[in-house]
Amino acid sequence: MADFVAVAREDELKPAQMKRVVVAGKRLLLCNSAGTHYCVDEMCSHEDYSLYLGCIKDGKIKCSLHGSYFDLTTGQPTCEPADSPIRTYPVKVEAGQVWVQA
Ligand code: FES
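The sequence shown begins at 0 in numbering that gives the first Met the number 0 and counts up one residue at a time.
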């Protein structure tokens with residue numbers, strides 16, 4: 000299993016902010032939703048479009064191209080047109096840093 004990698008300071012992201020990170024060669028998004036950190040694939044599962052251009056709301060991330068929302072905990076789309084999930088990755092906060100395992 001891959002090691003956790005530090006990707007941000009614990010206080011770096013404000014609620015509803017996100018940061019692009021690369022872990023183990025994968026392009027990921029670190030997201031702060033209401034003070035909790037999540038990590039998901041950067042690219043939408045519907046078309047090759049960056050979710051970084053979208054926004055975070057109520058534990059979900061919205062794709063700004065066609066408007067699908069994805070649950071940040073499960074990666075499942077909660078509305079069309081996307082019908083397949085994005086990947087989610089384990090996150091922990093420790094020693095003042097946010098760590099991701101990918
Ligand atoms: S590219 Fe994200 S919903 Fe279409």
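Even for Gly, the Cβ is constructed at its ideal location relative to N, Cα and C.
Collapsing the DSSP output to three states places Tyr-51 in a helix. Ser-32: member of the beta strand (DSSP E) spanning 25-32, first to last residue.
DSSP places Ile-60 in the uninterrupted beta strand (DSSP E) bounded by 59-61. Not one heavy atom of the ligand FES sits closer than 7 Å to the Cβ of Glu-41. Ranked by Cα distance from Ala-23, the options Asn-31, Ala-15, Ala-5, Ser-32 are led by Ala-5.
Residue state for Ala-5 is assigned as strand, using DSSP reduced to three classes. For Gln-100, the enclosing beta strand (DSSP E) begins and ends at 96-100.
Residue pairing from DSSP places Pro-76 in a beta bridge opposite Phe-69.
Here the stretch 69-78 makes no contact with the stretch 9-19; the two share fewer than three CB pairs at distances below 8 Å. It is roughly 24 Å from the alpha-carbon of Ala-33 to the alpha-carbon of Ala-81.
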